[in-house]
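Step one of this worksheet: look at the structure below.
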Amino acid sequence: MNKIYNCTGHTIQISNIVNSDGIYLFDDKKKRYMDLESGVWCTSIGHNNIRINNLIKKQIDSIMHAGFCYSNKILQESAESVLSITNFKKGKCVFLCSGSESIELARQISKHLTKKKMSMTLHDSYLGSYSGVTDRDKNWFLFNWEKCMHCPDKENCKTNCQKLQKIPNNVSEFIFEPGSSSGFVRFPPKSLIKNIANVVKGSGGKIIANEVTTGIGRTGKWFGYNHYQIEPDMIAIGKGIGNGYPVSITAINRQTIDQLEKSSFKYSQSHQNDPLGAAIVNEVIKTIKDDDLISKAKVIGNTFLKKLQTLKDGVKVIDVRGRGLMFAIDLCNEKTGDYIYQKLLDKGYIVCNRKSLFRIDPPLTINEDEFNSFFNDFRNILKSHQTNP
Ligand SMILES: Cc1ncc(COP(=O)(O)O)c(C=O)c1O
């Protein structure tokens, strides 16, 4: 009898994954699957990555965990590495275990420092699994930007727009998820986000970039917010920074650290600033730099997007969006989505199937031949569905 309580809301599709290599997973019958979802967007530099495996083996032979009062040089080195890819050269980092935690800490810091009550985000953003961000009935201001998508001024959002004027002045933090990666993968207009950030900052609130999914190269830049003209106070980083190992970071800018160091703020959890997680973060960043994976994500991401856009026919494929190596494909309906998903799985491809939306977020290490083999099979399956539904 199955002893695992599966409360994710998703059905198990392959029950015995026993091996992995790069962008591939293998089941117990040695069937190979191309993982175009990178797990849950986590294996940024590929499954079973030799550099990360060797690093883990080396690190666990020395130290993987210590108490709050006992630190380690690797933490300093890793924090420096994280800060070097942000604008927070003089900032600080806290290492945690999940994306949800990194956002929780950033929110607690904001509330503590600003003494304001209201949290704010775009109406379609996902911010983790904690009730503080999923229950949005009280003390949340959700900025609905649906109409902004079609606004004639969207490239030059007006500061006197009524929608902006409705932002309350007691917002402690605006949490920006740059691309609703866990949702519809839509990219809000730059000038809108700049204006929102100015309003919130202007009334003393903090800006948090939620880079759990869009961070470390996914969008063709180190962070998704780098596509916008905003300077966040804190950055929540998770998923891909551990390449499958549960580690996350709240990176905090200098000004916020100065405020915190004068305050009574406290936050502690058992696996905070563990050397093993920090060592992995350091090695993931080094690998991305050494293999130039950010510019690769940008360049091949553009090529892949153009290819995927050729599938758009207004009948089966309604829309295709993307930035870097993050793509969304809107299919005409859920039935078609489920049919194509199963056919792809049979052929050995894993995509993220959310009703009539496919999300594709491969490891940054994917190459053109691998993508082309997916693309050709996907196109054939789409064709066969038209003639033989
Ligand atoms: C955009 C975004 N933010 C936050 C989270 C939460 O991260 P975690 O599941 O590691 O807690 C997720 C997870 O899917 C996410 O996609």
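Position in the sequence shown (first residue = 1) + 738 = the working numbering.
Even for Gly, the Cβ is constructed at its ideal location relative to N, Cα and C.
- Task: Would you decide whether residue 954 is buried or exposed? Buried here means 16 or more other CB atoms lie within 10 Å of its CB.
- Result: buried
- Item | Local conformation of residue 1058 per DSSP, three classes | strand
- Through-space distance from residue 1118 to residue 1175, alpha-carbon basis: The requested residue 1175 does not occur in the structure, where the chain is confined to residues 739 to 1127.
- Report yes or no: do three or more beta-carbon pairs, one from the segment 817-836 and one from the segment 976-992, lie closer than 8 Å? yes
- Message: Under 8 Å, with one C-beta from each stretch per pair, do the segment 779-789 and the segment 757-770 reach the 3-pair mark?
- Response: yes
- Item | Burial state of residue 967 (16 or more Cβ within 10 Å) | exposed
- Query: Can you check whether the CB of residue 1064 is closer than 7 Å to the CB of residue 924?
  - Reply: no
- Ignore the nearest five residues each way along the sequence and tell me which others in residue 877's own chain have a CB closer than 7 Å to its CB. 855, 856, 857
- Item | Rounded straight-line distance, which links the Cα of residue 1025 to that of residue 997 | 34 Å
- Query: According to DSSP, is residue 779 helix, strand or coil?
  - Reply: helix
- Helix, strand or coil: how does DSSP classify residue 1098 here? strand
- Message: Shorter than 6 Å, the distance from the beta carbon of residue 911 to the closest heavy atom of ligand 1, or not?
- Response: no
- Query: Is it the case that the CB of residue 917 approaches a heavy atom of ligand 1 more closely than 6 Å?
  - Reply: no
- Message: Quick test of your reading: residue 866 and residue 917, contact by CB under 8 Å. State the CB separation rounded to the nearest angstrom.
- Response: Not a contact, Cβ separation roughly 16 Å.
- Item | Residue span of the beta strand (DSSP E) that contains residue 974, given as start and end | 972-975
- Would you tell me roughly how many angstroms separate the C-alpha atoms of residue 1046 and residue 1113, rounded to the nearest one? 7 Å
- Query: Taking 6 Å as the line, does the beta carbon of residue 963 fall inside it for any heavy atom of ligand 1?
  - Reply: no
- Message: According to DSSP, residue 1066 sits in a beta bridge with which residue or residues?
- Response: 1059, 1097
- Message: Along the chain, where does the beta strand (DSSP E) containing residue 1048 start, and where does it finish?
- Response: Residue 1048 -> no beta strand (DSSP E), and no H or E assigned at all.
- Message: Can you look up residue 858 in the DSSP assignment and give me helix, strand or coil?
- Response: strand
- Query: Any heavy atom of ligand 3 closer than 6 Å to the CB of residue 921?
  - Reply: With respect to ligand 3, the structure offers nothing, as its ligand set consists of ligand 1.
- Could you have a look at residue 989 and say whether DSSP puts it in helix, strand or coil? strand
- Message: Quick test of your reading: residue 951 and residue 920, contact by CB under 8 Å. State the CB separation rounded to the nearest angstrom.
- Response: 6 Å
- Query: Apart from the five residues on each side of it in sequence, which residues of its chain come closer than 6 Å, Cβ to Cβ, to residue 908?
  - Reply: 854, 855, 856
- Message: Please classify residue 753 as buried or exposed, where buried requires at least 16 neighbouring CB atoms within 10 angstroms.
- Response: exposed
- Query: Bridge partners of residue 896, per DSSP?
  - Reply: Note: residue 896 sits in no beta bridge, so no partner.
- Quick one: does the C-beta of residue 1089 sit closer than 6 Å to a heavy atom of ligand 1? no
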